[in-house]
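Participant: Using the working numbering, the first residue of the sequence shown is number 25, and each one after it goes up by one. Note that CB positions come from ideal geometry on N, CA and C, so glycine has one too. Predicted, not measured: the structure shown is a model, and the values here were computed from it.
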Amino acid sequence: KTGVEVPNKYRIKNSLGNRIYCAEEKSSGFQRAIFGPSRSFKVRICDNYEQEVLSFSRPLRCSCCLFFCCLQLLEARTNAGYRIGTVEQSWSLLRPTFIIKDDMGVAKLKVVGPCGRACFSSSDVTFQIFSMEKPGEKLGKIVERRISNLLEKNRTDADMFGVSFPINLDVKLKAVLIGTDFMYFENRAKKEKNPPVDKRSATTDR
25 KTGVEVPNKY RIKNSLGNRI YCAEEKSSGF QRAIFGPSRS FKVRICDNYE
75 QEVLSFSRPL RCSCCLFFCC LQLLEARTNA GYRIGTVEQS WSLLRPTFII
125 KDDMGVAKLK VVGPCGRACF SSSDVTFQIF SMEKPGEKLG KIVERRISNL
175 LEKNRTDADM FGVSFPINLD VKLKAVLIGT DFMYFENRAK KEKNPPVDKR
225 SATTDR
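1. Using CA atoms only, rank isn't needed, just tell me which of Gln-113, Gln-75, Asp-127, Ser-52 is closest to Val-195.
2. Does DSSP classify Asn-32 as helix, strand or coil?
3. Identify whether Met-156 lies in helix, strand or coil by the three-state DSSP scheme.
4. Under 6 Å Cβ to Cβ from Thr-121, same chain only, skipping five residues before and after it: list those, please.
5. Report whether the distance from the Cβ of Leu-84 to the nearest heavy atom of the ligand SAH is below 7 Å.
6. Put Asp-71 into one of helix, strand or coil per three-state DSSP.
7. Helix or strand or just coil, what does DSSP make of Leu-201?
8. Taking the DSSP output, what are the residues bridged to Leu-97?
9. Which same chain residues, not among the five before or five after Met-47, have their C-beta less than 6 Å away from its C-beta?
10. Which first and last residues belong to the beta strand (DSSP E) in which Ala-131 is found?
11. Rounded to the nearest angstrom, how far is the Cβ of Ser-79 from that of Arg-101, given a contact under 8 Å?
12. I need the straight-line Cα distance from Asp-183 to Pro-159, nearest angstrom please.
13. Who are the Cβ neighbours of Pro-83 in its own chain at under 8 Å, not counting the five residues just before and after it?
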């Protein structure tokens, strides 16, 4: 192993386990070395024909929720460069919280994680997705699936994530929700082997 974190690659699958997209991070080697998981990055989402359909970009920001003046922000854009939504971290002492906004800047969804201690346990980590238009209405969840088997951990470098949401949810909001996964869990990324490997696999309900 080297002491250098490498750009991440991803496979995105649907609820049937079929790969529908692949993704690759673009980031500065200097920022990866100095700022680690807080670095700025761009993630290109491509279809199975290697055509870019979507991208996520995140500026260099402090990853600590206590610094409410520079919380995390992620922007989702189409391949033509049109913004379709954003993920904005909300200030919170106990639970990581993110607001999903549409292309007009209107808050549509809230994503709320478990208390800080649960994020570092060996069990799965679940974030609940709530409607902003109907407070308290649960629409889905984002789950980090932890590998508990030691043999399996040693056999793979992949992290597993699942995103579920209603089939009738606006397709743009579905895309931005996938970006939430990239933004939050990248802050807890580990150093990987060199050369780069496919690191994550996300399952979405379409």
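Facilitator: Let's see:
1. Asp-127
2. coil
3. coil
4. Ser-114, Val-136
5. The model depicted lacks the ligand SAH and carries no ligand whatsoever.
6. coil
7. helix
8. Glu-112
9. The sequence shown places Ala at residue 47, rather than the Met named in the question. Excluding residues within five positions, the ones whose Cβ falls inside 6 Å are Tyr-34, Val-67, Ile-69.
10. 131 to 136
11. 5 Å
12. 31 Å
13. Ser-64, Leu-97
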